[in-house]
Structures are given as structure tokens and as C-alpha cells.
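Protein chains in written order, with my numbering: chain F, 1 to 173; chain D, 174 to 462.
Just so you know, even glycine gets a beta-carbon here, dropped at the ideal spot from N, CA and C.
Bear in mind the structure is a predicted one, so any value in this text is a computation, not a measurement.
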Amino acid sequence: MRSALRTSLALAAALVLVALGASLCHFLGGGAVSLALPVPVVVWLGLEAGLVDGAFAAAAVGLVLDSAAGGPGGLLTFLSVALFLGSRAAAGAFDARSSLGFALLSGAATFAFGVGALLLLRYVAPAEEAPRLGLVGRVLGEAVLTAFAAPALRLLLDRLSAPMRREDPGLLR
Amino acid sequence: MLALLKRFKEFIVVAALAVIPLAIFFAHARHPSDRTFADRLVLAATSPLEKAISWTVTGTLTAIQRVARLRGIAERAEELSREVNRLRWEEREMQELRAENGRLERLLAFAGSREDQRMVGALVIGTRMDPKGLQLVTIDRGAEDGLRRMMPVVSADGVVGRIHTVSGHSADVLLLTDRNSSVAVRVDRSRARANVRGQGGPGPCRLDYALRNDDLIEGDLLVTSGTDGVFPRGLPVGKATKVRRAGYGLYQAAEVIPAADVNRLEELLVLVTGQSAPERAPAAQAPSP
Numbered sequence: 001m002r003s004a005l006r007t008s009l010a011l012a013a014a015l016v017l018v019a020l021g022a023s024l025c026h027f028l029g030g031g032a033v034s035l036a037l038p039v040p041v042v043v044w045l046g047l048e049a050g051l052v053d054g055a056f057a058a059a060a061v062g063l064v065l066d067s068a069a070g071g072p073g074g075l076l077t078f079l080s081v082a083l084f085l086g087s088r089a090a091a092g093a094f095d096a097r098s099s100l101g102f103a104l105l106s107g108a109a110t111f112a113f114g115v116g117a118l119l120l121l122r123y124v125a126p127a128e129e130a131p132r133l134g135l136v137g138r139v140l141g142e143a144v145l146t147a148f149a150a151p152a153l154r155l156l157l158d159r160l161s162a163p164m165r166r167e168d169p170g171l172l173r
Numbered sequence: 174m175l176a177l178l179k180r181f182k183e184f185i186v187v188a189a190l191a192v193i194p195l196a197i198f199f200a201h202a203r204h205p206s207d208r209t210f211a212d213r214l215v216l217a218a219t220s221p222l223e224k225a226i227s228w229t230v231t232g233t234l235t236a237i238q239r240v241a242r243l244r245g246i247a248e249r250a251e252e253l254s255r256e257v258n259r260l261r262w263e264e265r266e267m268q269e270l271r272a273e274n275g276r277l278e279r280l281l282a283f284a285g286s287r288e289d290q291r292m293v294g295a296l297v298i299g300t301r302m303d304p305k306g307l308q309l310v311t312i313d314r315g316a317e318d319g320l321r322r323m324m325p326v327v328s329a330d331g332v333v334g335r336i337h338t339v340s341g342h343s344a345d346v347l348l349l350t351d352r353n354s355s356v357a358v359r360v361d362r363s364r365a366r367a368n369v370r371g372q373g374g375p376g377p378c379r380l381d382y383a384l385r386n387d388d389l390i391e392g393d394l395l396v397t398s399g400t401d402g403v404f405p406r407g408l409p410v411g412k413a414t415k416v417r418r419a420g421y422g423l424y425q426a427a428e429v430i431p432a433a434d435v436n437r438l439e440e441l442l443v444l445v446t447g448q449s450a451p452e453r454a455p456a457a458q459a460p461s462p
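Below, the structure is given as C-alpha cells:
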């Protein structure tokens, strides 16, 4: 039940954040900068959710990203699940629960997400259609901006998921 | 085999969640297809959100701009208010100048009507109407301008008084309304003679020595008779009012409302008479009907 709620929350958050990111980018420079606000949601799932339900939720977020991006289907879904697994692995390596840690992890995840997408697209696309590696700089900017926004998103997701953390009645510690 | 699947169920599910999309990606990457139903669903869900966010952000930005503009408007209003105050002040000055111009025109007309008489224009620069002392105004012309004691002073409306004391560049004018001031007059209509004496205040004067049988009625204009050796003939002095004839006695009594309002004197004319006036204090002057 909780996993279903968490997946729903992640899906809803991804939808809202995709829309918010598009609007913010429009107002922040009309496309000069970009934001990947759903990526911190995947990172948050990696820190908070279980393996299977988190993977499902990450895949759901990836589906939303795929649909919103308009690129070849499956790419961002795969990367989301991979990012989820990577976040779970990284969470043990350092304190990702602090605001700074979460921001750094989200920034790194966004960068890896973007670079991974670029590389995979370069791999499959014909040479004349392949994305230039010069776009890495833009991905870096996206990662930095997303890292700045990540702590606020974390706070929001924690608030929204608070009812799901309620302990079972009668449980003694 | 089943036990193995059960044991690694979680890993298999997660791997499937990762691999299946990757396979789809590789399968479709070289042949981009039209948007799927899921794509359209996501777009349908995000579009209203984007519109709402855009509306909110635009609304907020517009509100901020309006507030900023309001601040500008407040500053502009303050600036305009200062401008209005300045213009009001200028308008008051203009009105003042217009009024002064009117007074000077009348004064000029008065001077023009007596071309044979040499006159010196003067501005009132001080007023001393102490009820305990003399009723005086100070003018900005003095001995340097040819003024001497006892010279008559008039305004466009009529007699104001006479020069009382003179200094180099200013002079005190003893007003018609002072107790020591006495002017020989005639009733303009009937030519009856009398004497107008001040009562020590800025109000009406007293009419003295008007014979009981003389023709004098309310509203009669009194003009200088020219017999007192100070004022030339024919200058308006005031109008008779409150005429009273007692049942007995030699004279009739009346009050005189001065033609020139001594409370509003500003520009005056000093009639430069040739002879020097007698060196006597005004209080010692005897009436000269």
C-alpha cells in the first residue's frame, strides 16, 4: 500500500515538476537554461524507497520524462531506473540525507543522467543527427541549477510522504 | 528453478524495469515513431499545470510590475503635487501683480487728472496704528525725493493724510483718521463747508463745524475745500453718514467714512506743494473750517 502511494506521489511530483521546470525555464531565459527537477525525485526514491517499489516509481518518473522529452521512448525510463540504483548505492557512501549532501547527489545525478542520455543518443543516432558533445556544458549548467533546487524539493517530498512513514500502531521500540 | 526465481525475484524485477525500456529505446531509436497514448496522456496532464504555473508566474510578475509602477506613480504624484503648489504660488503672485497693476492704473488715472500738480509715487512700507499713539504709515520716499512736512498724501480713492515726519529716504504719513488730523472740506453737492477730524482709529471720522442750516444729507461726498493750506481743492475725503441735527445748537453732527481705506493702503501719491508747511505739531493745529 505504502509502495503504491509512494509511486503515485513520485508520478504526481514528476508531472508537476516537469510542468514547473518548463514554466521556470520559460521565465528564466526562454530556453537559455534548463532544469531537470524530476531527477531529485528519483534520487529521493533511491534514499527513501525500497528496491522494488522504488524501481517501479523511478520507472514511472522515467516514463513521464520520456513522454515530456519527446525523444525515443525508453531512454529516460532506463536512465531513471539506473539512477535510482545508483542513488541507492551512493547513499551508503556519504551522508546524502543532509541538504548539502542531497543537493550534491542530485547535481551529480542530473549530470550523469544528462551525459548518459547524450552518450546513448550518440550511440544510436546517425552521425549527422547525433547530439554534439558540446552539450555537456549545458548539462553541467542544468545539473548546477537542479542541485540548487534539490533541497527544496526534498523538503516538499518529505512533507508529502510523511503520512506514509507513520509507524504501525502498537509498535514498541 | 522456481526456487531460484523466487529468491532473485526482486533483482529480476528491477533488472526487467531497466532492461525493457533500454530494449525499447534501442528498438525504436533509429525509427522514431509517433507519440503514443501515454505520451499524449502526460502532455494532457502537464499542459494545464504549465498553464496554471505560467498564469501564476505571469500574474505575480505583473503584480510586482504594477506595484513598482505604483511606487513610480506615488513619486510622480508627489512631484506633481510640488508642481501644483509651485503653480498655485505663482498664481497667487500673478493675482497679486494683477491687483497691484489695477491699483497703479487707478493711481495713474488719478495723477493724470491733475496734470498741473507735481506728484511723487510712494509705497507703504510700514503701518503704525497704535490706539495709544498716532495713526501713521511709513512710505519709502523721503527728503531726498523732495518730500517735506505737511505735504498731502492721497491714494486713487482720495485723501489719505499728510506727511508728518521726514527722513532721508522715508517719511511717516499722519493718516486722516488720526485724532490730530483735520481737513477742511466742502460738501460736493451743496458746497457747504465743514471740517473732517479723525477719531484715533481706522473707522469713520467726525464731521465738525457743519452749520446746522447747511445742506447735508446721508451719502454726500465731501471734498477738500483747499482752505486749510495743506490740501488742494477737490480731493475726495469721504462720504457723510449718520447725519444728526439736534434740536438746538449751532452745528449739526455727522460721521465721515473715509474715501481711502486706511487699512488697505499700498501705493500712494505725495502731492509736492511748493511751500514748506508750518512747523507745528499736528496736535496743536486749530480747526480751520
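Residue 19 (chain F) and residue 126 (chain F) have their C-alpha atoms spaced approximately 31 Å apart. Contact check for residue 21 (chain F) against residue 37 (chain F) passes: the beta carbons are separated by less than 9 Å. Taking a Cβ-Cβ threshold of 7 Å, none of the residues of chain D is close to residue 46 (chain F); the smallest such distance is about 12 Å. With respect to chain F, the C-beta atom of residue 177 (chain D) has no partner C-beta closer than 9 Å. Residue 286 (chain D) is classed as exposed because its beta carbon has fewer than 16 other beta carbons within 10 Å across all chains shown.
The Cβ atoms of residue 42 (chain F) and residue 10 (chain F) lie closer than 9 Å to each other. Residue-level contact check: residue 223 (chain D) touches chain F, since one or more beta carbons of chain F fall below 9 Å from its beta carbon. Three or more pairs of CB atoms, one per stretch, sit closer than 8 Å, so the stretch 54-70 of chain F contacts the stretch 185-202 of chain D.
Using a Cβ distance threshold of 9 Å, residue 373 (chain D) and residue 345 (chain D) do not count as a contacting pair. At least 9 Å separates the CB of residue 181 (chain D) from every CB of chain F.
Around the C-beta of residue 401 (chain D), 16 or more other C-beta atoms lie within 10 Å, and the residue is accordingly described as buried.
Listed as beta-bridge partners of residue 268 (chain D) by DSSP are no residues whatsoever. Look at residue 260 (chain D): its C-beta is not under 9 Å from any C-beta on chain F. Rounded to the nearest whole angstrom, the C-alpha separation of residue 215 (chain D) and residue 68 (chain F) is 7 Å. Here residue 233 (chain D) is exposed: its Cβ has fewer than 16 other Cβ atoms, across all protein chains shown, within 10 Å. Among the CB atoms of chain D, one or more fall inside 9 Å of the CB of residue 64 (chain F). Within chain F, the residues 51, 52, 55, 56 have their CB atoms less than 9 Å from the CB of residue 186 (chain D), given in chain order. The alpha-carbon separation between residue 416 (chain D) and residue 320 (chain D) amounts to approximately 37 Å.
Rounded to the nearest angstrom, the gap between the Cα atoms of residue 299 (chain D) and residue 337 (chain D) is 14 Å. Counting along the chain, residue 114 (chain F) sits inside the alpha helix (DSSP H) bounded by residues 99-124. Within 7 Å of the CB of residue 78 (chain F), the CB atoms of chain D belong to 191, 194, 195, 198, in sequence order along the chain. Per the DSSP secondary-structure output, residue 234 (chain D) pairs with nothing in a beta bridge.
In the structure shown, residue 368 (chain D) adopts extended strand secondary structure according to DSSP, grouped into three states. Residues of the stretch 223-255 of chain D whose Cβ lies closer than 9 Å to any Cβ of chain F, in chain order: 223, 224, 225, 226, 227, 229, 230, 231, 234.
Burial is judged here by how many other beta carbons sit within 10 angstroms of a residue's own beta carbon; residue 274 (chain D) has fewer than 16 and is exposed.
Residue 49 (chain F) and residue 97 (chain F) have their C-alpha atoms some 13 Å from each other.
From the listed residues D:360, D:293, D:391, D:376, the smallest Cα separation to residue 406 (chain D) is found for D:360.
Here residue 393 (chain D) is buried, its C-beta having at least 16 other C-beta atoms within 10 Å. Look at residue 134 (chain F) here: in three-state DSSP terms it is coil, with no helix or strand label. Per DSSP, residue 33 (chain F) lies in no alpha helix (DSSP H) and is assigned neither H nor E.
DSSP, read as helix, strand or coil, puts residue 397 (chain D) in strand.
With 16 or more other CB atoms across the displayed protein chains lying within 10 angstroms of its CB, residue 433 (chain D) is buried. Contact annotation: the stretch 287-297 of chain D touches the stretch 439-448 of chain D, with at least three C-beta pairs closer than 8 Å. Annotation for residue 52 (chain F): the continuous alpha helix (DSSP H) segment containing it runs 51-69. For residue 214 (chain D), the secondary structure class from DSSP, reduced to helix, strand or coil, is helix.
Taking a 10 Å sphere around the C-beta of residue 77 (chain F), we find 16 or more other C-beta atoms and assign the residue as buried.
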